[in-house]
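See the structure below:
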């Protein structure tokens, strides 16, 4: 039977193990809670999220090679340290004592990405990409996120009112802007390709799991 001690191959995990991993990431959900897709928390299999989980690990593994975290349980241990608001330096030191042969940074970034659905990179040189990345090089992840999102948006005194017909389904017909789905919360509502496309974060159940 599969368990969180198995390697990262989520495809081999049962729905029960997936729910166990989800609870380790975001905490237990009320058993009677009904999500916007009509499912109750005990019925969720988080398929869309775990496709993101698998693809994230594959990208990190292909780019970084051998990683410190080789199992779901090891990854969840890093997640726990992040949730406990430990600094990156502290997490790195603890990981180095356990396996000094592997660089811990890629596993830390992956764990943060799977926890928060934000793209992370400890190396600013790797940030040149078509997606928004959070630079977390030191301190807690919260401090890096606060710094990234602390910039005040440009505002205008003009009031814009959108009626109920201005929805994601018909924004292409009304505004001539195509929707592209994104797994990166930092890219939500970001205009790309010369303002012809808008990125929409589509993991609604993930967002609902953050509600307390």
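Residue numbers (our numbering): 452 to 663.
The beta-carbon is built from N, C-alpha and C at its ideal position, and this holds for glycine as well.
Just so you know, these numbers come straight off a predicted model, no measurement behind them.
Exercise. Apart from the five residues just before and just after residue 531, which ones in its own chain have a Cβ nearer than 8 Å to its Cβ?
Worked result: 475
Problem set entry | Residue closest to residue 570, alpha-carbon to alpha-carbon, out of 622, 473, 596, 479 | 596
Problem set entry | When 592, 561, 501, 632 are compared against residue 525, the one with the closest alpha-carbon | 561
Problem set entry | Residue span of the alpha helix (DSSP H) that contains residue 528, given as start and end | 523-534
For this session: In angstroms with no decimal places, state the Cα-to-Cα distance between residue 557 and residue 647.
Result: 33 Å
Problem set entry | Residue burial classification, residue 649 (beta-carbon count within 10 angstroms, cutoff 16) | buried
Problem set entry | Bounding residues of the beta strand (DSSP E) (the contiguous stretch that carries residue 651) | 648-652
Exercise. Does the Cβ-Cβ distance between residue 528 and residue 660 come in under 8 Å?
Worked result: It is not a contact, given that the beta carbons lie outside the stated cut-off.
Exercise. Where residue 504 and residue 589 are concerned, what is the direct C-alpha to C-alpha distance, given to the nearest angstrom?
Worked result: 24 Å
Problem set entry | Spatial neighbours of residue 432 in its chain, beta-carbon cut-off 7 Å, leaving aside the 5 residues before and after | The shown model of the chain, from 452 to 663, leaves out residue 432, and the question about it has no answer.
Problem set entry | Nearest neighbour of residue 564, chosen from 550, 507, 535 [CA to CA] | 507
Problem set entry | Beta-carbon proximity of residue 634 to residue 583, cut-off 8 Å | no
For this session: Can you tell me which of the three DSSP states residue 586 falls into?
Result: Residue state, collapsed to three classes: strand.
Exercise. Hey, quick one: how far does the alpha helix (DSSP H) through residue 477 stretch, first residue to last?
Worked result: 466-477
Problem set entry | Cβ separation of residue 654 and residue 499, assumed to be a contact under 8 Å, to the nearest whole Å | Going by Cβ atoms, the distance from residue 654 to residue 499 rounds to 6 Å, so yes, they are a contact pair.
Problem set entry | Buried/exposed call for residue 470, threshold 16 Cβ in 10 Å | buried
For this session: Tell whether a beta-carbon distance below 8 Å holds between residue 587 and residue 553.
Result: no
For this session: Report buried or exposed for residue 640, applying the criterion of at least 16 other Cβ atoms within 10 angstroms of its Cβ.
Result: exposed
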